[in-house]
Amino acid sequence: MTSSAGAPEVTPILHVDMDAFFVSVAIRHQPELWDQPVVVGGHARGVVTCANYPARAYGIHAAMPGSMARRLCPQLVSVRLDFGEVAEVSKQVREIFRRATPLVEVVSVDEAFLDVRGATRLFGSPEQIAHRIRRQIAEELSITCSVGVAPTPSVAKVGSRKAKPDGVVVVRPEDVPGFLHPLDVGELYGVGPSTRKRLRRLGFETVGDIARTPVPTLHQILGPRLGGHLHRLATGTDRRELTGRLGPDLPDRSTGAQETFGHDLSDREDIVRELLRLSARVTRRMRRAGTVGRTIALTVRFSDFTTISRSRTLPDPTDVTQEVHAIAVRLYDDLNLRGRALRLVGVRVEHLVAREGTDRQLVLGERERGWSEADRAVDQVAERFGSQLVRRASLLHNGRG
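Note that the numbering used here has the sequence shown beginning at 49, numbered continuously upward.
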């Protein structure tokens, strides 16, 4: 899908968004699954993490219970995801972006804004650059992406959404009103379900309803900040320079792992053991990426899908399994659940930074060598012989590594 070509000086912003990224990464070397309905997650009693477009045609979406997804599509294929591969593919995608321009503002693991006004002499118009990036990603990584090309980031974001899957939409300045105004107000970049509900309650059903409302009136109804911001979005006048946030060598800012149990767990010993397994998985991934983090977060979910999250920030960043596990257990104990059964637990480390250059002061009386060195020794053995060869003694009990 492609609209009319845009001149370099009027449509310099690209928003590139990977298509069903997690599923695409998981099956990129399995072409026999590319046209089949596939989800990541949804095993046993788990929920769907990501659905590809054939699966979405059946009404399947992220956060849907796997049992419901299989009722909608009995032939649904559920695959597991290697988050290490996701991180590596995301890095390779960013490298492709930077071949076109150094002005890359990464939004998340699977999307970014690019300012290509300085690249048109080398690579052609912004639309040509968009097609070039799509071709390189498809040929080199065996996944697809969609691109919006527009005068401003917010319009480019909406454009990439309309280009899905695997397309390009170009919106010239004179076409912005005709492109934006018929859309539901919830299509605006940054307008979530709660804001959409509030706006529709106030009588703003389409983007055009906001664009045609005088700014002073919006200020009075919504407040100066939100009213002015929404009017700029609705009229496509939110011009700003890209910041280059999360530059070429900066890591993702958090990483985590979670497990949905085959049956609810209530025994503290079982849950503590599961928290250790998840902590080991997360910290192993961090050490491989060369990152450390200060904030440890715990998530628990009950059988009625009620979910609770708690976190604690450490004085120093860490990638040590024992330290992350100790905090996760403390957070769990602080919930005082008194044997209440859990459907899911998750461990996440946030505020990640590069490990290099974050020297940590030894605590008085602390040994200079300990758990950190033990973790790295285990990593080396696992890299060479496989992760099943070396496991913590407390995890041998249930046969899970």
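Using N, Cα and C, we set each Cβ at its ideal position, and we do this for glycine too.
What residue range is occupied by the uninterrupted beta strand (DSSP E) comprising residue 359?
The count along the sequence shown starts at 1 and reaches residue 359 at position 311. Where residue 359 is concerned, the enclosing beta strand (DSSP E) stretches over 355-366.
Is it true that the CB of residue 159 sits closer than 7 Å to the CB of residue 65?
Within the sequence shown, the letter at position 17 stands for residue 65. Within the sequence shown, the letter at position 111 stands for residue 159. Taking 7 Å as the Cβ cut-off, residue 65 and residue 159 qualify as a contacting pair.
Can you pull the DSSP bridge partners for residue 66?
In the sequence shown, residue 66 corresponds to position 18, counting from 1. According to DSSP, which records beta bridges pairwise, residue 66 is partnered with 193.
Within 10 angstroms of its Cβ, does residue 306 collect 16 or more other Cβ (buried), or is it exposed?
Walking along the sequence shown from the start, residue 306 turns up at place 258. It is buried - the Cβ of residue 306 has at least 16 other Cβ atoms within 10 Å.
Is it buried or exposed for residue 287, if we count other Cβ within 10 angstroms and need 16 for buried?
Within the sequence shown, the letter at position 239 stands for residue 287. With fewer than 16 Cβ atoms within 10 Å of its Cβ, residue 287 is classed as exposed.
Do you know offhand how far residue 22's Cα is from residue 174's?
As shown, the chain starts at 49 and ends at 449. That puts residue 22 outside it, with no answer to give.
Which residues does DSSP list as the beta-bridge partners of residue 306?
Translated into the one-based positions of the sequence shown, residue 306 becomes position 258. Residue 306 is bridged to 394.
Confirm, please, whether the CB-CB distance from residue 219 to residue 227 is below 7 Å.
Indexing the sequence shown from 1 puts residue 227 at position 179. Indexing the sequence shown from 1 puts residue 219 at position 171. The answer is yes: Cβ separation under 7 Å.
What would DSSP say about residue 285, mapped onto helix, strand or coil?
In the sequence shown, the residue the question calls residue 285 occupies position 237. It is coil, neither helix nor strand.
At 4 residues or longer, and completely inside the region 74-153: list those alpha helix (DSSP H) runs for me, N to C.
Listed in chain order, the complete alpha helix (DSSP H) runs (minimum 4 residues) inside the region 74-153 are 101-104, 114-120, 131-148.
Could you check if residue 334 is buried or exposed, using at least 16 other CB atoms within 10 Å of its CB as the buried criterion?
The sequence position of residue 334 within the sequence shown is 286, counting from 1. So residue 334 counts as buried.
Please report how far the alpha carbon of residue 104 lies from the alpha carbon of residue 156, in whole angstroms.
As a first step, residue 104 must be located in the sequence shown, where it is residue number 56. As a first step, residue 156 must be located in the sequence shown, where it is residue number 108. So the two alpha carbons sit approximately 22 Å from each other.
Using the three-state DSSP reduction, which class does residue 234 fall into: helix, strand or coil?
Counting from one through the sequence shown, the residue named residue 234 turns up at place 186. Residue 234 falls in the helix class under three-state DSSP.
With a threshold of 16 other CB atoms inside 10 Å of the CB of residue 72, please say whether the residue is buried or exposed.
As a first step, residue 72 is located in the sequence shown; it is residue number 24 there, counting from the start. Counting Cβ neighbours within 10 Å, residue 72 comes out buried, since at least 16 surround it.
Just the Cα atoms here: how many angstroms apart are residue 355 and residue 78?
Position 307 of the sequence shown holds residue 355. Position 30 of the sequence shown holds residue 78. Each residue's Cα considered, the two are about 35 Å apart.
Nearest CA to the CA of residue 240: which residue from 180, 278, 315, 389?
Here residue 240 refers to the residue found at position 192 when the sequence shown is read from its first residue. When each option's Cα is compared against that of residue 240, the closest is 278.
Within 8 Å, do at least three Cβ pairs link the region 319-339 to the region 98-118?
Not touching, per the Cβ criterion.
Taking residue 315 as the reference, give the member of 199, 260, 385 with the closest Cα.
Residue mapping note: residue 315 aligns to position 267 of the sequence shown, counting from 1. For residue 315, the nearest C-alpha among the options comes from 385.
Is the region 89-104 touching the region 131-146, taking contact as three or more C-beta pairs under 8 Å?
No: the two stretches stay apart, fewer than three of their Cβ pairs being nearer than 8 Å.
Helix, strand or coil, according to DSSP, for residue 229 in the structure here?
Stepping through the sequence shown from its first residue, residue 229 is reached at position 181. Correct three-state label for residue 229: coil.
From the DSSP secondary-structure annotation, give me the bridge partner or partners of residue 341.
For this step, residue 341 is matched to residue 293 along the sequence shown. In DSSP, residue 341 forms a bridge with 366.
Taking the alpha-carbon positions, what's the residue 339 to residue 248 distance?
By one-based count along the sequence shown, residue 339 stands at place 291. By one-based count along the sequence shown, residue 248 stands at place 200. Cα to Cα, residue 339 sits roughly 44 Å from residue 248.
Does DSSP put residue 311 in a helix, a strand or coil?
Residue 311 sits at position 263 when you count from the first residue of the sequence shown. Reduced to three states, the DSSP call for residue 311 is strand.
Residue 204 to residue 224, Cα distance in whole Å?
Residue numbering aside, residue 204 sits at position 156 when the sequence shown is read from its first letter. Residue numbering aside, residue 224 sits at position 176 when the sequence shown is read from its first letter. Approximately 10 Å, taken between the alpha carbons.
Can you check whether the CB of residue 284 is closer than 7 Å to the CB of residue 200?
Translated into positions along the sequence shown, residue 200 becomes position 152. Translated into positions along the sequence shown, residue 284 becomes position 236. Contact flag set, yes.
Over what stretch of residues does the beta strand (DSSP E) that includes residue 160 continue unbroken?
In the sequence shown, the residue the question calls residue 160 occupies position 112. Run containing residue 160: 159-163, per the beta strand (DSSP E) assignment.
Which word fits residue 124, buried or exposed, when buried means at least 16 other C-beta atoms lie within 10 angstroms of its C-beta?
On the sequence shown, position 76 is the one that residue 124 refers to. Looking at its Cβ environment, which holds 16 or more other Cβ atoms inside 10 Å, residue 124 is buried.
Please classify residue 58: does DSSP put it in a helix, a strand, or coil?
The residue you call residue 58 lines up with position 10 of the sequence shown. Looking at residue 58 - three-state DSSP - the assignment turns out to be coil, as it is neither helix nor strand.
Please go through the same chain and pick out, in chain order, the residues whose beta-carbon is closer than 8 Å to the beta-carbon of residue 297, but skip the five residues on each side of it.
Mapped onto the sequence shown, residue 297 falls at position 249. For residue 297, the pLDDT reaches just 45, beneath the cut-off of 50, and the residue's location in the model is therefore unreliable, leaving the point undetermined.
Check residue 208 in the structure and name its three-state DSSP category.
Walking along the sequence shown from the start, residue 208 turns up at place 160. Residue 208: helix per DSSP, three-state reduction.
Provide the residue span of the alpha helix (DSSP H) that contains residue 218, from first to last.
Taking the first residue of the sequence shown as position 1, residue 218 is located at position 170. No alpha helix (DSSP H) holds residue 218; the beta strand (DSSP E) holding it covers 216-218.
Could you tell me the boundaries of the alpha helix (DSSP H) in which residue 241 lies?
Within the sequence shown, the letter at position 193 stands for residue 241. Run containing residue 241: 241-249, per the alpha helix (DSSP H) assignment.
Starting from residue 256, trace the alpha helix (DSSP H) in both directions and tell me its first and last residue.
Counting from 1 along the sequence shown, the entry for residue 256 is found at position 208. Its alpha helix (DSSP H) spans residues 255-259.
How long is the line joining the alpha carbons of residue 381 and residue 358, rounded to whole angstroms?
Stepping through the sequence shown from its first residue, residue 381 is reached at position 333. Stepping through the sequence shown from its first residue, residue 358 is reached at position 310. Whole-angstrom Cα-Cα distance: 11 Å.
Alpha carbon to alpha carbon, how far is residue 214 from residue 185? Give it in angstroms, no decimals.
The residue labelled residue 185 in the question sits at position 137 within the sequence shown. The residue labelled residue 214 in the question sits at position 166 within the sequence shown. Straight-line Cα distance between these residues: approximately 11 Å.
Within 10 angstroms of the Cβ of residue 170, are there 16 or more other Cβ atoms? Answer buried if so, exposed if not.
For the purposes of this step, residue 170 is taken as the residue at position 122 of the sequence shown. Exposed is the call here.
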